[in-house]
Structure formats: C-alpha cells, structure tokens
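The opening residue of the sequence shown carries number 1 in full-length UniProt numbering; numbering runs sequentially from there.
Heads up, the thing below is written out as structure tokens.
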Amino acid sequence: MIDEVLFLRHGRTAYNLARRLQGQIDIPLDIVGRWQADQSAYELAKTYYWAKVAHIADHNDELAQPAYEGAYLADLNEINDAPAASRRMVVVSSDLFRAQQTAHAIADLLGLDVALDPRLRERSFGEWEGMTREEILEQYADDYHSWRAHTGGETKHGVESRRHTGQRGSQAIRSIIAEHADDPTATTLLAVGHGSWIVATVAVLLDMDPDDLNNLGAMRNAFWTSMSVNTGGSNGPADPDTWQWKLDAFNQGPAIAALTDWENGPKELRGPNMPLWKPIVQ
1 MIDEVLFLRH GRTAYNLARR LQGQIDIPLD IVGRWQADQS AYELAKTYYW
51 AKVAHIADHN DELAQPAYEG AYLADLNEIN DAPAASRRMV VVSSDLFRAQ
101 QTAHAIADLL GLDVALDPRL RERSFGEWEG MTREEILEQY ADDYHSWRAH
151 TGGETKHGVE SRRHTGQRGS QAIRSIIAEH ADDPTATTLL AVGHGSWIVA
201 TVAVLLDMDP DDLNNLGAMR NAFWTSMSVN TGGSNGPADP DTWQWKLDAF
251 NQGPAIAALT DWENGPKELR GPNMPLWKPI VQ
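Structure representation (structure tokens):
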C-alpha cells in the first residue's frame, strides 16, 4: 500500500543551461546535472536509508557475506527484524534518459531497481521543443506572452496543455498506487520525472487548476516534492476519487544547495568555455 509519493526532478542538462525547452527531447544530464543528482541522492539516501535495509530483508541473498570457510556470517535476523524492514520503496522513472540517470543516482545507493514508465515523461512542447525563449518570443510574440500568462497560446504549436500534462501524470500515479493496493506493506513511491510534469501532476492531485498563476511555482533541478495519500476512503483503494492527498513538502533540496551556486555547480566542474546559468528575467 503506497501512502507516500516522493517526486524528484532530474538534474541539469545542456538544454537547461541554454534555456532551451526540452519537452520530450531525450538529452542526458551534463556534468553539473550529474553532480546535482548525486548530491540529492546522498541527501535522500540518508533520510530513506531504511529502504536499503528493507530491500535486503526481502533479498537476504544480496547481503555480502565472507566466503571463506570458518568465517562468521552477518546475522540476517537483525536485518529481518529491524523496524526499518517494515516499509518498502518503489522507484519509477520517466523513460527519458535524464530522469533515468537521476533515478539511478539514488536507487543504486539503496540497492533498488528502477522501473521505467513513459507516462512520467515531461510535458510535450510540440514545435517549440529545442527553442530558446528568445527565439519563441521573436517568432511567436503573442503566443509566447499567452504561454507565460497561462492563457494557452502555446497550444497552437502542438504544446501539451498544463491540464492534460497534469491529468496524464495523476492518472499514472493513481495507476501505480492501484497496482500496489493488495500489498499490506507501507510503501513510498519515488517518482522521478520532470519539472513541468511534476508541478502539473501535483496540482491536479490537489484539485488545483494547473493554469492558475498563483499555484505552486516551479521545481529546481534535482529538487523534490513529497505528498501523503490516504487510500482508505469509504470505497477503498479501488476508487481514486475517495483518496485524500496532502502536500508535505514542495521544491525541497539538499542542504548543500543553500551553501553553493546550485544551478551552476562547484567551480571545479565548470570548464573555461562553460557559460553560467542565469535566471529568466522576462
């Protein structure tokens, strides 16, 4: 039974740095993005270390043991009987490679598998994919301003609406939860995806309008959002309309993000020809 959903955005890519709309273009993390993913993975692995214990409790054969004759073996009972073994974590990632890399950064630390699901892909940006905001503004000024104002001008160019993105994402999350409804073990779902997809999905799950400018805001690279879900309504887990959702944290990151230039990474990772990431000013 999944009672917690942890949404994690992928780390930085070259398109993020250049401020190009990625959408569903399959581009990997850059050197700073890999650093971001690792830093968030280290932080989350501390909080969710129990997931590693729980996995070994389910797979005793994966615990490294001395192989020579007469050696003492680790006591499996101390793992199997630990309170940490009473919970589980399931990791599901968008099949776009930048999300896969981010998912594996934490899953590999905890010894967990990563399932891929195309329903977790980023919002499609149609013919705008690969373009910078300056290029869109120059060619499609009215539709650009409409997009920024959340009034839908971008949909003229094959861009998936925020509402459709959120509905697609919420249906995927509900479906994954339903798949685990018969498992009595309390479970955390780690869903690794993309900024626009996460924000729209969370908004729909909370019955918010994804196009409301006063909504949640944006997600930073490799930051996370957590929600609690109670599926024990009067009609049980089979009826998602009875599920109760609570936003526990939004756009949270590792402690190091407050101590360094998170978007640009540490100086030792930045080559002489790497431009600096800059915030959007228009």
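All C-beta atoms, glycine included, are put in the ideal place defined by N, C-alpha and C.
Model, not experiment: these values are computed from the prediction.
Using CA atoms only, rank isn't needed, just tell me which of 174, 3, 146, 74 is closest to residue 119.
174
From what residue to what residue does the beta strand (DSSP E) around residue 5 run?
2-9
What residue ranges within the stretch 142-203 form continuous alpha helix (DSSP H) runs of no fewer than 4 residues, ordered along the chain?
Runs of the alpha helix (DSSP H) inside the stretch 142-203: 162-179.
Closest by C-alpha distance to residue 242, when choosing among 276, 277, 206:
206
Quick one: give me the first and last residue of the beta strand (DSSP E) that residue 223 is part of.
Taken as a continuous stretch (DSSP letters only), residue 223 belongs to no beta strand (DSSP E), as it is neither H nor E.
Can you tell which of 66, 71, 86 has its C-alpha closest to the C-alpha of residue 53?
86
Since I believe residue 219 is in contact with residue 199 (beta carbons under 8 Å), could you give me their beta-carbon distance rounded to a whole number of angstroms?
6 Å
Can you tell me where the alpha helix (DSSP H) with residue 94 in it begins and where it stops?
Unbroken run through residue 94: none, as it is neither H nor E.
Residue burial classification, residue 122 (beta-carbon count within 10 angstroms, cutoff 16)
Buried is the call here.
By Cβ distance below 8 Å, which residues in the same chain neighbour residue 117 in space, the five residues on each side in sequence not counted?
The beta carbon of residue 117 sits closer than 8 Å to those of 92, 93, 94, 95, 172, 176, all from its chain and outside the five residues before and after it, given in chain order.
Rounded straight-line distance, which links the Cα of residue 250 to that of residue 148
22 Å
Just verifying my parser: in three-state terms, what is the DSSP assignment at residue 215?
Residue state, collapsed to three classes: coil.
Status (buried if at least 16 other CB within 10 Å, exposed otherwise) for residue 138
exposed
Would you check if the stretch 32-48 and the stretch 2-11 touch, i.e. whether three or more CB-CB distances between them fall below 8 Å?
yes
Please classify residue 80 as buried or exposed, where buried requires at least 16 other C-beta atoms within 10 Å of its C-beta.
It is exposed - the Cβ of residue 80 has fewer than 16 other Cβ atoms within 10 Å.
Just the Cα atoms here: how many angstroms apart are residue 127 and residue 22?
11 Å
Report yes or no: do the stretch 266-280 and the stretch 19-35 share at least 3 C-beta pairs separated by less than 8 Å?
yes
According to DSSP, residue 13 sits in a beta bridge with which residue or residues?
29
Those residues which DSSP pairs with residue 229 across a bridge:
245
I need the straight-line Cα distance from residue 246 to residue 208, nearest angstrom please.
12 Å
Boundaries (first-last residue) of the alpha helix (DSSP H) holding residue 59:
Careful: residue 59 lies outside any alpha helix (DSSP H) and carries neither H nor E.
Going by CA-CA distance only, name the one from 276, 89, 167 that's closest to residue 47.
Among 276, 89, 167, the Cα nearest to that of residue 47 belongs to 89.
For residue 110 and residue 253, the rounded distance between their alpha carbons:
19 Å
Run the CB neighbour count on residue 59, radius 10 Å, all protein chains shown included, and call it buried at 16 or more, exposed below.
exposed
Considering only the alpha carbon of each residue, which of 221, 225, 230, 255 lies closest to residue 279?
221
Could you pull the DSSP bridge partners for residue 132 from this structure?
20
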